[in-house]
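This report refers to the structure that appears directly beneath it.
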């Protein structure tokens, strides 16, 4: 059953329509018009449900193949068409529609199973009906990602101004509350840094008043370019730029130009066999898409 992250967070009840086999009440599972008279043994397979077919492959070479009996369909018994129950057509079972209420508790997980005992198919000769197992399939969320069962992860974009001068952001939760996140005075937020809010993650299964962490990864959006007039102002505010020491002897010095590089095209170029190896292996997803956060994860309660 496909479920949203909101449903797993808040809990809900879903209705599931099923069609299952039940013992025919007209013939009491006998398959005949007269329940007192049962089916007769199949005369073709003699009740085994299987037939042996002999095929000649060549001179003095034969092959025996065991197949399901075509007369009784492998049941080992048959009912003449004139004697079959009209309600089930001699099949002994009929179809029955039922609506199941699936209770999804707060904190349930992707892949978790919910069992309905005795709500499966019934078969003649079996004392109990089978079970129905509902498997939860969590849909991908556009904002939140569930991690480590009880934690939620979001990416929060910051402008360079917000990263340097402070920010106040609102985060809409899965139960439609708004969390206000405020940076500390004088704090500079680095690109890829991680903080968390304790108690704002997923509810714990069977302990819904306990919640995990809301983990926030900050992504600082740098401007595409900057006005030359602003550079001087920034240099007066920010720490000075480090200078390189150029060799004073006759060693050659060359000034080169930096060019934008499309990593995706480089990967595709290498995959087509044009790369020479040794260098492009570094262009993996982790190197350009992920950020290492180190062992310390700061947690905030504001």
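In this note's numbering, the protein residues as written are 3 to 304. Cβ atoms here follow ideal geometry from the backbone N, Cα and C, with glycine treated the same way. Just so we're clear, the structure is a prediction, and the values are computed from it rather than from any experiment.
Note that the C-beta distance between residue 141 and residue 14 is not below 8 Å. With a cutoff of 8 Å on beta-carbon distance, residue 95 and residue 125 are scored as near each other. Annotation: the segment 131-173 contains the following complete segments of the alpha helix (DSSP H) (minimum length 4 residues), in chain order: 162-167. Per the DSSP secondary-structure output, residue 198 pairs in a beta bridge with 217. Spatial neighbours of residue 223 in its own chain (CB-CB distance under 8 Å, excluding positions within 5 residues in sequence) are listed in chain order as 159, 160, 161 and 162.
Just measuring C-alpha positions, the residue of 164, 272, 174 and 172 sitting nearest residue 190 is 164. Bridge partners of residue 70 according to DSSP: 52.
Scanning 153, 173 and 133 for the CA closest to the CA of residue 217 turns up 153.
34 is the residue among 34, 127, 106 and 129 whose C-alpha sits nearest the C-alpha of residue 86. Excluding five sequence positions before and after residue 115, the CB atoms of its chain that fall closer than 6 Å to its own CB belong to 135 and 137, given in chain order. DSSP places residue 45 outside any beta strand (DSSP E), giving it a letter other than H or E. When only Cα atoms are considered, residue 48 and residue 209 end up about 60 Å apart. Closest in C-alpha terms to residue 112, from the list 143, 91, 99 and 82, comes 143.
Sorting 117, 92 and 97 by C-alpha distance to the C-alpha of residue 103 places 117 at the top. Distance from the Cα of residue 8 is smallest, within the candidate group 252, 233, 204 and 246, for 204. Setting aside the 5 residues that flank it on each side, residue 52 is surrounded in the same chain by 68, 69, 70, 71 and 76, each with a C-beta closer than 8 Å to its C-beta; the list follows chain order. The shortest CA-to-CA distance from residue 182 to any of 188, 169 and 192 is the one to 169. For residue 21, the uninterrupted beta strand (DSSP E) run begins and ends at 14-25, by DSSP.
Excluding five sequence positions before and after residue 108, the CB atoms of its chain that fall closer than 6 Å to its own CB belong to 13, 205 and 210, given in chain order. Its chain contains 152, 153, 203 and 204 as the residues whose beta carbon lies nearer than 6 Å to that of residue 214, once the 5 sequence neighbours on both sides are disregarded; these appear in chain order.
The beta carbon of residue 156 sits closer than 8 Å to those of 145, 146, 147, 173, 216, 217, 218 and 219, all from its chain and outside the five residues before and after it, given in chain order.
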